[in-house]
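Numbering (our numbering), first residue to last: 1089 to 1946.
Shown next, in structure tokens, is the structure this report addresses.
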RNA sequence: AGGAGGUUAGCUCAGUUGGUAGAGCGCCACCCUUACAAGGUGGAUGUCGUCGGUUCGAAUCCGGCACCUCCUACCA
């Protein structure tokens, strides 16, 4: 039965990982009634090298809920996806192998690339080569991830996996695109879009973050045509050549006189209108500002509203491009001068040009004073390290701005845990000011399932796109229906976009990918909508929001019933653990040091949505708990071993728990089960664990100690049997309660004697009040016993004596209404306290207050 | 600037219908007690951020303020 002297976690962990996998312990059973399903929309982790302790933290929390629901008897659908699609993988491949994708290069059949240990200059490889290496690398990483997930005992059904770059996900993702296209919810536009000059791609509003940077105000003097001048203040003087207008507030007396006149830009001599507009704030800067194409989103809005011309001076690499002042659009009052000045800026990157132009402004004597330092917030791609520019390009947009109100309402249909996070969602949707740009000028992603026809005049028709019918498809490799491959990129032919979709355009479909949507309606109806979406709070504006968008557009049904938001793991300085900060903790070593159960204990001790500090000592507490469970179980087993106890024996003889002390203890357990269950049903795993743990320590320290002499000495008497059964039942119950949290130790102990009920504790049923039809005494008896036991220990301890020291005399004062209860536990107390019967005097107190007093001599 | 969360023991945190302030860790003292020394028992430690209100009674409810974290926006 039980052979181990000491608990050896790593041995046990290996053993059960294998067993659970072989026995399909966590498999979802298709085709059963939908009502009994519990469906989890698992977060597919981004494949970017390795998982950190923060992942272990949040995924374990979800796993506890999955295990609980499974034990409740639910048919749990708990899949695992890998988000391997997109820029993170590309970035990783770049640094790992020292290569980058150059679409102009030709495929090399036997290309060999090696992992680089240090930074090397990047070498170009063809698109096809690059994608092959990406595919290969993610497979390797996914194996590593799976190993860790298994080690931490996620009860995932490993038959239910997907990769966001996989054929199945691509099919769903392309289908989603086509569905939105047919519903007129998506469109192709040529428009200024947030652009990362380094990655050479458009990005969406959700991918943007603000970073604090040092900037400078440059006060620049403009002339007004026909006389007069004014000074604008700008942090982006390098865009001066792109200035298309200046604007001041209509009521601003300083500038009223200039409205309807034109200004002449310094250096470049362009004539631009001076437009009154409430967009200008008289309090800010000099009250008059220049509109450039494009400095910020406001410029874009102003430009659109006033139908201003487009002066594009930046390339997609973020350099000032060649322009001609002969051209109508850049027409200058002094084109020679303009040309001369611009020549010194042309080809420079934005930041270089910004400093360079200061010299020119000084030379021309139009810079008023020196540039004044200021801190400003600049928009960056969250994965990038160069400021974003607004570059007009052709992109696909999902029209979310038209549905803001609906999406806000729709978010309310999901139950948020904790509820306050709904606000974050709402606020994000309210503040949206761009449609969702889903095209990326990248490589490792899902292709757009469309082609554009080419007219006889070689013009590409972006409006009447040709839709793919066979999915998934890569239009770069296949021709549309009715066309031949030879017609690619030819007049009267067709062309495909090399762009791929935003990775969120696919991962926003996780509930659809899991359910096989359109392609398997029976399965879809069984698995959609999901019961639970677990996710972190920083991706509410992306993953949660986009999933709601897709679900709303496709089905008019919320994607899940509940969303549970997990917190972060922060370092002792309270900053988020992240790669860039270098404070990442890799979980493997921690698990090895403290055991998987101990790590899981730590992860599930913190409340939903709450950030948690990474502290080694927390793992020790978990380790201590598992050791304690092991030892307590060992003890109970030693006690019942020779009784041929079994689970059926226990269940059949539950009526033999006759001692009021034992019955009273069981009442305490019943209350525990009830409270723990209710917390877990509300996804409050930490509150539940807290209660279970507390009661378990009371079990070990008090109850066990109180009754163990009885079970030793009266084994064959009804009193002894009552105690033994109660001990066994308590252990059985505690194992089940701990099982979702500590799957290894509970499975091991379960295997000693309870396997007859279910092979794995994780397939056994969550405890229900097995014995609640019996009339028990209340909790009072056991509470009284514990109080008196505590007083006795207290006395002995303060006399600095061993607890085993025999008592010479003891008098216990008890309120008269409790005397009867005391009689119930008297024998147990005498034995546990090492008190001979004749040493005891009971004093009755008329005082009904619940205070006991003792005095004893040793 | 708007929003969310927070402020309880040295540290990390519970305290969900208002009723004598809690746990773990750490600290101190003691104890080899027939599961457990990787253990056990006991102890010390708090103006519950601050000011005010409601109440017989407030860590808890209401309002003001301060500070911390995060989200969003503005950023000429």
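By construction, the Cβ of each residue, glycine as well, lies at the ideal position given by its N, Cα and C atoms.
Note that this is a predicted model, so its numbers are computed, not measured.
Shortest alpha-carbon distance to residue 1458 belongs to which of 1545, 1325, 1396? Numbered from its first residue, the first chain carries residue 1458 at position 370. Checking every option, the nearest Cα to that of residue 1458 belongs to 1325.
For the beta strand (DSSP E) containing residue 1696, name the first residue and the last one. By one-based count along the first chain, residue 1696 stands at place 608. Premise fails: residue 1696 is in no beta strand (DSSP E) and is neither H nor E.
message = Which residue wins for smallest C-alpha separation from residue 1587, given the options 1606, 1540, 1633?
response = In the first chain, the residue the question calls residue 1587 occupies position 499. It is 1540.
query: Residue ranges of each alpha helix (DSSP H) run of no fewer than 4 residues wholly in the stretch 1347-1426, ordered along the chain?
result: 1385-1393
- Does the distance from the CB of residue 1797 to the CB of residue 1919 come in under 8 Å? Taking the first chain and counting its residues from 1, the one referred to as residue 1797 is at position 709. Taking the first chain and counting its residues from 1, the one referred to as residue 1919 is at position 831. In contact: residue 1797 and residue 1919 (Cβ atoms closer than 8 Å).
Exercise for review: Identify every residue that forms a DSSP beta bridge with residue 1125.
Suggested key: As a working note, residue 1125 is residue 37 in the first chain. Answer is 1163.
Using CA atoms only, rank isn't needed, just tell me which of 1143, 1097, 1616, 1147 is closest to residue 1664.
Mapped onto the first chain, residue 1664 falls at position 576. Ranking the options by Cα distance to residue 1664, first place goes to 1143.
For this session: Measuring alpha carbon to alpha carbon, tell me which of 1478, 1175, 1676 ends up nearest residue 1235.
Result: In the first chain, counting from the first residue as 1, residue 1235 sits at position 147. Nearest of 1478, 1175, 1676 to residue 1235, Cα basis: 1676.
In whole angstroms, what is the alpha-carbon distance linking residue 1089 and residue 1740?
Position 1 of the first chain, counting from 1, holds the residue named residue 1089. Position 652 of the first chain, counting from 1, holds the residue named residue 1740. Confidence at residue 1089 is low in this model, with a pLDDT of 46, below 50, so its placement is unreliable and the value that follows should be read with caution. Their backbone Cα atoms lie some 22 Å apart in a straight line.
**Asked** Among the residues of its own chain, which have a CB less than 6 Å from the CB of residue 1928, if the five just before and after it don't count?
**Response** In the first chain, the residue the question calls residue 1928 occupies position 840. Here the set comprises 1898.
(Q) Between the stretch 1283-1290 and the stretch 1465-1477, can you find at least three pairs of beta-carbon atoms closer than 8 Å? (A) yes
Starting from the C-beta of residue 1311, find all residues in its chain whose C-beta is less than 6 Å away, skip the five residues before and the five after it, and write them out in chain order. Counting from 1 along the first chain, the entry for residue 1311 is found at position 223. Excluding positions up to five away in sequence, the list reads 1317, 1352.
(request) Identify whether residue 1317 lies in helix, strand or coil by the three-state DSSP scheme. (result) Reading the first chain from its first residue, position 229 is the one you call residue 1317. Note: residue 1317 maps to strand in three-state DSSP.
*Going by CA-CA distance only, name the one from 1631, 1299, 1608, 1255 that's closest to residue 1473.*
For the purposes of this step, residue 1473 is taken as residue 385 along the first chain, with counting starting at 1. Per the Cα distances, 1299.
Cβ distance (whole Å) where residue 1855 is taken to contact residue 1825 below 8 Å: Working through the first chain from its first residue, we reach residue 1855 at position 767. Working through the first chain from its first residue, we reach residue 1825 at position 737. Confirmed, about 7 Å.
Nearest to residue 1301 by alpha carbon, out of 1462, 1421, 1687? Counting from one through the first chain, the residue named residue 1301 turns up at place 213. Of 1462, 1421, 1687, the residue nearest in Cα terms is 1462.
Taking residue 1283 as the reference, give the member of 1926, 1395, 1382, 1698 with the closest Cα.
For the purposes of this step, residue 1283 is taken as the residue at position 195 of the first chain. Nearest C-alpha to residue 1283: 1382.
Between 1496, 1932, 1267, which lies nearest to residue 1904 when the distance is taken from Cα to Cα? Working through the first chain from its first residue, we reach residue 1904 at position 816. Among 1496, 1932, 1267, the Cα nearest to that of residue 1904 belongs to 1932.
Checking 8 Å against the spacing of the C-beta atoms, do residue 1870 and residue 1687 come in under that value?
Position 782 of the first chain, counted from the start, is the residue given in the question as residue 1870. Position 599 of the first chain, counted from the start, is the residue given in the question as residue 1687. Going by C-beta atoms, residue 1870 is not nearer than 8 Å to residue 1687.
Inset, instruction - Can you give me the Cβ contacts of residue 1111 inside the same chain, cut-off strictly under 8 Å, excluding the 5 residues immediately before and after it? - result: What you label residue 1111 is simply residue 23 of the first chain in a count that begins at 1. Taken in chain order, the residues that qualify are 1847, 1848.
Determine, using beta-carbon pairs with one atom in the stretch 1240-1247 and one in the stretch 1208-1215, whether at least three such pairs fall under 8 Å. no
### Query
Would you call the stretch 1867-1886 and the stretch 1907-1914 in contact, with 3 or more CB pairs under 8 Å?
yes
Check your understanding: Between residue 1392 and the ligand FMN, is the CB less than 7 Å from at least one heavy atom?
Key -> Ligands in the displayed structure: none, and consequently the ligand FMN is not present.
Pair every Cβ in the stretch 1333-1345 with every Cβ in the stretch 1361-1370, then say whether three or more of these pairs are closer than 8 Å. yes
Sort out for me which residues DSSP pairs residue 1231 with in a bridge.
Counted from its first residue, the first chain places residue 1231 at position 143. In DSSP, residue 1231 forms no bridge with anything.
What are the partner residues of residue 1464, as DSSP defines its beta bridges?
To locate residue 1464, count along the first chain from 1; it is residue 376. Its beta-bridge partners are 1301.
Quick check on the DSSP output: the alpha helix (DSSP H) that includes residue 1179 runs from which residue to which? On the first chain, position 91 is the one that residue 1179 refers to. Where residue 1179 is concerned, the enclosing alpha helix (DSSP H) stretches over 1175-1185.
Q) Can you tell me whether residue 1163 is buried or exposed, with buried defined as 16 or more other CB within 10 angstroms of its CB? A) Sequence index remark: in the first chain, residue 1163 carries index 75 (1-based). Residue 1163 is buried by the Cβ-count criterion.
May I ask you to list the residues that DSSP assigns as paired with residue 1943? The sequence position of residue 1943 within the first chain is 855, counting from 1. DSSP lists 1899 as partners of residue 1943.
Taking 8 Å as the threshold (C-beta atoms), are residue 1638 and residue 1603 in contact? Here residue 1603 refers to the residue found at position 515 of the first chain. Here residue 1638 refers to the residue found at position 550 of the first chain. Against a cut-off of 8 Å, the Cβ pair of residue 1638 and residue 1603 comes out as no contact.
Review point. Helix, strand or coil: which one does DSSP assign to residue 1279?
Key: Position 191 of the first chain, counting from 1, holds the residue named residue 1279. Of the three classes helix, strand and coil, the one that applies to residue 1279 here is strand, per DSSP.
If the criterion is Cβ atoms closer than 8 Å, does the pair residue 1434 and residue 1379 meet it? Within the first chain, numbered from 1, the residue matching residue 1434 stands at position 346. Within the first chain, numbered from 1, the residue matching residue 1379 stands at position 291. Contact flag unset, no.
Exposure of residue 1850, with buried meaning 16 or more beta-carbon neighbours within 10 Å: Position 762 of the first chain, counted from the start, is the residue given in the question as residue 1850. Buried is the call here.
Problem - Extent of the continuous alpha helix (DSSP H) run through residue 1341 - result: Taking the first residue of the first chain as position 1, residue 1341 is located at position 253. Per DSSP, residue 1341 belongs to the alpha helix (DSSP H) from 1341-1344.
Which parts of the stretch 1874-1934 are runs of the beta strand (DSSP E), unbroken and 3 residues or longer, counting only runs that do not cross its ends?
1897-1903, 1928-1933
Quick check: what's the CA-CA separation for residue 1815 versus residue 1930?
Position 727 of the first chain, counted from the start, is the residue given in the question as residue 1815. Position 842 of the first chain, counted from the start, is the residue given in the question as residue 1930. C-alpha separation (whole angstroms): 29 Å.
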